[in-house]
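> Protein chains in written order, with numbering that gives the first Met the number 0: chain A, 0 to 564; chain B, 0 to 48.
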Amino acid sequence: MTAPDWTVFLLYFGGVLAFAYYQSRKNVGVEGFFLANRRLPWGAIGLSVMATQASAITFIGTTGQAFDDGMGFIQVYLPQPLVMVVLCVVFVPLFYRSKVFTAYEYLEKRFDPKTRSMASFIFLVQRGLAAGIVLYAPAIVLSVLMGWDEKVTILVMGVVTIAYTYMGGITAVIWTDVIQMLMMFVGIGVALFILFAALPDGVSVADVAYIGGIHQMWESIDLSWDPTNQYTLWSGMIGGFFLALAYFGTDQSQVQRYLTASSLKQSRLSLIFNAFVKVPMQFFILAIGVFLFVFYHFEQPPLVFNTAEVAVVQASDQAEAFEALEAEHATLHAGRRDATLSLLDARHGDGDVSGLRQQIADYDDRLEALRDESKALVEVVRGASSNDVNYVFPSYLIQYVPAGVLGLMIAVIFAAAMSSLDSELTALSSATVIDFYRRYFRKGDTDAHYLLVSKVTTLLWGGVACLFALYAGQLGSLLEAVNQVGSFFYGSLLGVFLLAFMVKGANGHGAFWGLVAGMLSVAVVSVTTDLAWLYYNVVGTFATIVVGIAVSGMTGGRAATGASA
Amino acid sequence: MIEAPEDGDDGRIGIFPSWTALYASVIVVTLVMILLLYWFTVALDFSAS
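#1: Does the Cβ of PHE321/A have 16 or more other Cβ atoms within 10 Å, making it buried, or fewer, making it exposed?
#2: Using CA atoms only, rank isn't needed, just tell me which of ILE287/A, PHE500/A and ALA310/A is closest to GLY63/A.
#3: Give the DSSP-derived three-state secondary structure of ALA260/A in the structure shown.
#4: Need the endpoints of the alpha helix (DSSP H) that GLY334/A sits in, please.
#5: Buried or exposed: PHE94/A, going by 16 or more other Cβ atoms within 10 Å of its Cβ?
#6: Quick check on ILE287/A: does DSSP put it in helix, strand or coil?
#7: Does PHE15/B come out as helix, strand or coil in the three-state DSSP assignment?
#8: Might you give, ordered along the chain, the residues of its own chain that have their beta carbon closer than 6 angstroms to the beta carbon of SER47/A, omitting 5 neighbours on each side?
#9: Between the region 210-232 of chain A and chain B, which residues of the former have CB atoms less than 9 angstroms from a CB of the latter, in chain order?
#10: Exposed or buried, which one is THR1/A when buried takes at least 16 other CB atoms within 10 Å?
#11: Tell me whether ARG438/A sits in a helix, a strand or coil according to DSSP, three-state version.
#12: Any idea what DSSP makes of LEU35/B, helix, strand or coil?
#13: Can you tell which of PRO301/A, TYR470/A and VAL537/A has the C-alpha that lies nearest to the C-alpha of PHE488/A?
#14: Below 8 angstroms CB to CB, which residues in the same chain sit around GLU447/A once its five sequence neighbours on both sides are set aside?
#15: Does the beta-carbon of VAL400/A have 16 or more other beta-carbons within 10 angstroms, so that it is buried, or is it exposed?
#16: Using the rule of at least 16 other Cβ atoms within 10 Å of the residue's Cβ for burial, across every protein chain shown, is LEU478/A buried or exposed?
#17: Would you mind working out which of GLY555/A, HIS296/A and GLN74/A sits nearest LEU242/A, comparing C-alpha positions?
#18: Which residues share a DSSP beta bridge with LEU39/A?
#19: Take SER252/A and list the residues in its own chain whose beta-carbon comes closer than 7 angstroms to its own, dropping the five residues that flank it on each side.
#20: Within 10 Å of its beta-carbon, does MET553/A have 16 or more other beta-carbons around it, so buried, or fewer, so exposed?
#21: Is it the case that the Cβ atoms of GLY302/A and MET70/A are separated by a distance below 7 angstroms?
#22: Among LYS277/A, VAL380/A and PHE297/A, which one has its Cα closest to the Cα of VAL311/A?
#23: Give a yes or no on whether the minimum CB-CB distance between ALA136/A and chain B is below 7 angstroms.
#24: Taking just the CA atoms, how far does GLY201/A sit from ILE237/A?
#25: Just to confirm my understanding: we take ALA19/A, look at its own chain, exclude 5 residues before and 5 after, and list those with CB closer than 8 angstroms. What are they?
#26: With 16 as the cutoff for other CB atoms within 10 Å, does TYR449/A come out buried or exposed?
#27: If the criterion is Cβ atoms closer than 7 angstroms, does the pair PRO137/A and ALA416/A meet it?
#28: Ignoring anything shorter than 4 residues, give me the alpha helix (DSSP H) runs that lie fully in the region 217-263 of chain A, in order along the chain.
#29: So, does the region 106-124 of chain A touch the region 268-276 of chain A, judging by three or more C-beta pairs under 8 angstroms?
#30: Helix, strand or coil for TRP147/A? Go by DSSP, reduced to three states.
#31: Kindly give me the distance between the Cβ atoms of VAL546/A and ALA516/A, rounded to whole angstroms, as I take these residues to be in contact under 8 angstroms.
#32: Using three-state DSSP, classify ASN506/A as helix, strand or coil.
#33: List, in chain order, every chain A residue whose beta-carbon is nearer than 8 angstroms to that of ILE33/B.
#34: With a threshold of 6 angstroms on Cβ separation, who are the neighbours of ARG365/A within its own chain once the five nearest residues in sequence on each side are excluded?
#35: Check whether the region 145-158 of chain A touches the region 511-529 of chain A, counting contact only when three or more Cβ pairs, one atom from each stretch, lie closer than 8 angstroms.
#36: Let's test the definition: count the other Cβ atoms within 10 Å of the Cβ of ALA3/B and tell me whether it reaches 16, buried, or not, exposed.
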């Protein structure tokens, strides 16, 4: 990084910390720390909801995934607008009017303490793991960009995020999320502009569309019914619907956001804002990955995008073999580039394109085989699997983005990570303090005491996230890892909330055992079938509801646990 | 006397006459997005041409 990059980068960090310090003066009591005294406007909450979901993984993993597989991942996001409507109609009014601090607190009002505690515990486990992964993703970027050790970058970033979350609570978190989300919008635009600007003379946007199109990279909708296929319209609209409903409706890191609104109307508007903006934003992020794919038809990509892995191989006894692969890669790439440019010429001049397309297909096959060979070599040397999907976008940034803009893009990736991590820390802290500490260990103490405990808990969860991040290195594609961890629990959590909202006769025993049955069902399905992971949410939800209704019926219905909500 | 709801959740929502109209517009926009993406998929598939 150059001096202008460092200037932009440090300005971002300094600005966030100063802003958090300013906001920390507004934290009066535990309601101020966790819910901003319920006075925030919908615009800020809406951007914060979006920033919480859009982690650095979104930037790094999604662009890498689109580079590898095309636009198909967009299908996971398609049901989100519909989910927002369901939340506005069913979930938000119940949460908002019951004046709860956490989503799980509502479960005690409706069912009993054990159901609340179980749901909150599941959330803590799941989010505790996810917080570590959210922290690990940008650490990869820094390790590539700055030549830092991953452990150092994890600790530096974790400490800064913990510090401003500790100081400012939810108010600082939401307002810094606003800044961070606006930076992300700018970053997406800048990345696309630079990619277009870097295309060779004579290569137009239409040509980019064509090159992507011959590789089917623009395929956004897959209508096939195969339930083992991860990304189809149906897995997105069904599995993705349940995943998003569970995430936005039962995950404290999102529920906490819309509980900070000054009115129910403001709360709903924050979600409707997401309904309109989220899918287009994801479309453009994925498009960056496809543009990168086309871009690397004209510029030579690295054989392995992870420079840390390359360094390890080059220092090993496999260095010569790797060098030979790199030389062959350069030759093949040059051949494909020439064939691609010839293809575009032929297409513009109505020439015969079929022979050139066959040439390109042959080059693609050989380049792919070479990439597989190089990954195998990396695995032999490192003794661990190689997955460089998450390095594609960072690698591009280092090589092609001008000074100053690189600092901005790094700050954007940091912003994405920190805006998710800060939300998770406040959510983890609120669930710990409200659902466990204040509920079981220290009832009726002063507000100042709970505020102090909330701050200490934020520090502790930040420490846990840092520790987990230090060991998250071998999880493969980070994007899927985060969502898959969620899918093991989300369906059951959603099921128990749907039981609460929609089944009048359900009681605490039914809800509790339904929750247990839902998680067991997902575990069985994941081990014994090839069902796409998005459907795990559907399995968990229905298993929870069915068992919940059955057990409630056998244990005397709603009167059995004295529900009050 | 009819009191307004304490959360101010009634009345017009910007250019929309009611929440129902706003929700309906979200559903319509979602369907349009899916159709646009399908068109995008078909129109930019040059694999067979």
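Don't be surprised by glycine CBs; every beta carbon is placed ideally from N, CA and C. Please read all numbers here as calculations on a predicted model, not as lab measurements.
Taking the structure as given:
#1: Counting from 1 along the first sequence, the entry for residue 321/A is found at position 322. Flag for PHE321/A reads buried.
#2: Along the first sequence, read from residue 1 onward, the residue named residue 63/A stands at position 64. Checking every option, the nearest Cα to that of GLY63/A belongs to ILE287/A.
#3: The residue labelled residue 260/A in the question sits at position 261 within the first sequence. Reduced to three states, the DSSP call for ALA260/A is strand.
#4: Within the first sequence, the letter at position 335 stands for residue 334/A. It spans 318-347 - the alpha helix (DSSP H) in which GLY334/A sits, taken as one unbroken run.
#5: One-based indexing of the first sequence puts residue 94/A at position 95. That one is buried.
#6: Position 288 of the first sequence holds residue 287/A. DSSP places ILE287/A in the helix class (H, G or I) of the three-state scheme.
#7: Locating residue 15/B in the second sequence gives position 16, where the first residue counts as 1. Here PHE15/B sits in strand by DSSP.
#8: On the first sequence, residue 47/A is found 48 positions in, with the first residue counted as 1. Result list for SER47/A: ILE173, ASP176 and ARG256, in chain order.
#9: ILE210, GLY211, GLY212, ILE213, HIS214, GLN215, MET216, TRP217, GLU218, SER219, ILE220, ASP221, LEU222 and LEU232
#10: Within the first sequence, residue 1/A is the residue found at index 2, counting from 1. So THR1/A ends up on the exposed side.
#11: Counted from its first residue, the first sequence places residue 438/A at position 439. The answer is helix: DSSP assigns ARG438/A an H, G or I state.
#12: Residue numbering aside, residue 35/B sits at position 36 when the second sequence is read from its first letter. Here LEU35/B sits in helix by DSSP.
#13: Reading the first sequence from its first residue, position 489 is the one you call residue 488/A. Ranking the options by Cα distance to PHE488/A, first place goes to VAL537/A.
#14: Stepping through the first sequence from its first residue, residue 447/A is reached at position 448. The amino acid occupying residue 447/A in the given sequence is Ala; Glu does not appear at that position. Same-chain partners within the cutoff: GLY28.
#15: If you number the first sequence from 1, residue 400/A lands on position 401. The residue in question, VAL400/A, is buried, as its Cβ has 16 or more Cβ neighbours within 10 Å.
#16: Here residue 478/A refers to the residue found at position 479 of the first sequence. In this prediction, LEU478/A has a pLDDT of 46, which is less than 50 and means its spatial position is unreliable; nothing more can be read from the coordinates.
#17: Counted from its first residue, the first sequence places residue 242/A at position 243. Closest option to LEU242/A, judged by alpha-carbon separation, among GLY555/A, HIS296/A and GLN74/A: GLN74/A.
#18: In the first sequence, residue 39/A corresponds to position 40, counting from 1. LEU39/A pairs with ALA260/A.
#19: Against the first sequence, residue 252/A aligns to sequence position 253. The residues are THR51, ARG126, SER422, GLU423 and ALA426.
#20: By one-based count along the first sequence, residue 553/A stands at place 554. By the 10 Å Cβ count, MET553/A comes out exposed.
#21: Translated into the one-based positions of the first sequence, residue 302/A becomes position 303. Translated into the one-based positions of the first sequence, residue 70/A becomes position 71. One point to set straight first is that residue 302/A is Leu, not Gly, in the sequence displayed. No; because the gap between Cβ atoms is not below 7 angstroms, this pair is not in contact.
#22: Indexing the first sequence from 1 puts residue 311/A at position 312. When each option's Cα is compared against that of VAL311/A, the closest is VAL380/A.
#23: Within the first sequence, residue 136/A is the residue found at index 137, counting from 1. Judged by the 7 angstroms Cβ criterion, ALA136/A is not in contact with chain B.
#24: Mapped onto the first sequence, residue 237/A falls at position 238. Mapped onto the first sequence, residue 201/A falls at position 202. Their Cα atoms are separated by approximately 43 angstroms.
#25: On the first sequence, position 20 is the one that residue 19/A refers to. By the criterion of a C-beta distance shorter than 8 angstroms, ALA19/A is surrounded in its chain by ALA162, TYR163, THR164, MET166, GLY167, ALA171 and THR175, once the five residues flanking it on both sides are discounted.
#26: Locating residue 449/A in the first sequence gives position 450, where the first residue counts as 1. Counting Cβ neighbours within 10 Å, TYR449/A comes out buried, since at least 16 surround it.
#27: Stepping through the first sequence from its first residue, residue 137/A is reached at position 138. Stepping through the first sequence from its first residue, residue 416/A is reached at position 417. Yes, the pair counts as a contact, with Cβ atoms nearer than the cut-off.
#28: 240-249 and 251-258
#29: no
#30: As a first step, residue 147/A is located in the first sequence; it is residue number 148 there, counting from the start. Three-state DSSP puts TRP147/A in coil, outside helix and strand.
#31: Against the first sequence, residue 546/A aligns to sequence position 547. Against the first sequence, residue 516/A aligns to sequence position 517. That belief holds up - the Cβ atoms of VAL546/A and ALA516/A are roughly 4 angstroms apart, short of 8 angstroms.
#32: Position 507 of the first sequence, counting from 1, holds the residue named residue 506/A. Coil, per DSSP.
#33: Taking the second sequence and counting its residues from 1, the one referred to as residue 33/B is at position 34. Ordered by position in chain A, the residues that pass the 8 angstroms Cβ test against ILE33/B are LEU77, ILE220 and LEU232.
#34: Taking the first residue of the first sequence as 1, we reach residue 365/A at position 366. Close CB contacts of ARG365/A within its chain, under the 6 angstroms cut and outside five residues either way in sequence, are with LEU331 (chain order).
#35: no
#36: The residue given as residue 3/B occupies position 4 in the second sequence. Any reading at ALA3/B must be qualified, since the residue scores a pLDDT of 43, below 50, and its modelled position is unreliable; the value itself is stated next. Per the 10 Å Cβ criterion, exposed.
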